[in-house]
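Below: the structure, in structure tokens.
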Amino acid sequence: MNEADALILMGGSMSANDNLPFITREIEYIRGAVSGGKPVLGVCLGAQLIAKTLGARVYANHVKEVGWAPVTFTDSAPRDPLFTGLAGPEVIFHWHGETFDLPSGAELLASSVACRNQAFRVSDRIYGLQFHLEVTPAMIVEWCREDEACGAPEARQPIDPYAHAARTGELAETIFGRWCSLVKGQISGCGASR
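Just so you know, we're using our numbering here: the sequence shown kicks off at 19 and counts up by one.
This is the structure in structure tokens:
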């Protein structure tokens, strides 16, 4: 982490609680980035790893959240540099069976009916997003192809990969672009293109 300016952690099918060498390394990277005052952004598993590294519990959600579902922004979101101007609710893609408690000092920024902790910020440099802004229709099709029942029995209706793709792309441009703007002085080549 000494040579990196920032850390971005994405999702995966494993758990933040799995005893796997690369999970241990990612937790070490997060610790190093946090102690070095570097920006950190985690998506899905990445958010869970951030929460765990910062002392919060990661555990099975009461239901697998799979497919398009509304996310509501909290009263703190309008004052946040990434979420300002987003009134919501916004329909965003979800693909997870675990959730987490908020780390100490974290500000909750977004929630859904199925999972309370959808987005959080710690200090001005650490963000965790449980939902998936990075998805494209092709990714959704591939995930459903790889996962029988498209992730969970709770996904009773077929998932239309195009249903909210355009708006998701706009949100990704906005939120990821704003994150890059926050750290632009530290990251070369940080752009908001999809």
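Ideal Cβ positions, reconstructed from N, Cα and C, are used throughout, including at glycine.
Query raised in the report: For ILE110, which beta-bridge partners are listed by DSSP?
Result: ALA87
Requested in this report: Evaluate contact between the segment 75-83 and the segment 37-54, counting only Cβ atoms and requiring at least three cross-stretch pairs below 8 Å.
Outcome: no
Query - Expected contact under 8 Å - CB spacing of PRO176 and ILE158 to nearest Å - result: Not confirmed; about 11 Å, so no contact.
**Report entry** Supposed close pair LYS82, GLY115 - CB separation, criterion 8 Å
**Finding:** 4 Å
Requested in this report: Taking ARG196 and VAL58 to be in contact with their CB atoms under 8 Å, please state how far apart those CB atoms are, rounded to whole angstroms.
Outcome: The Cβ separation is near 15 Å, so there is no contact.
Query raised in the report: Under a three-way DSSP split, which group does ARG139 fall into?
Result: strand
Report task. Leaving out five residues on either side along the sequence, give the residues of the same chain with a beta carbon under 8 Å from the beta carbon of LEU189. Result -> LEU104, GLU108, ILE110 and LEU151
Query raised in the report: Over what stretch of residues does the beta strand (DSSP E) that includes GLY60 continue unbroken?
Result: 58-61
Query raised in the report: If we count the other Cβ atoms within 10 Å of its Cβ and call it buried at 16 or more, is ASN213 buried or exposed?
Result: What is shown of the chain runs 19 to 212, which leaves residue 213 out entirely.
Query raised in the report: Could you give the distance in angstroms between the alpha-carbon of LEU126 and the alpha-carbon of ALA87?
Result: 18 Å
Query raised in the report: LYS70 to SER129, Cα distance in whole Å?
Result: 19 Å
Query - Same chain, Cβ closer than 6 Å to HIS182, neighbours up to 5 away in sequence not counted - result: TRP86 and VAL109
Query raised in the report: If you run the structure through DSSP and keep just helix, strand and coil, what is ALA128?
Result: strand
Query raised in the report: Below 7 Å between beta carbons: does that hold for ILE26 and LEU100?
Result: no
Query raised in the report: Does DSSP put GLU116 in a helix, a strand or coil?
Result: strand
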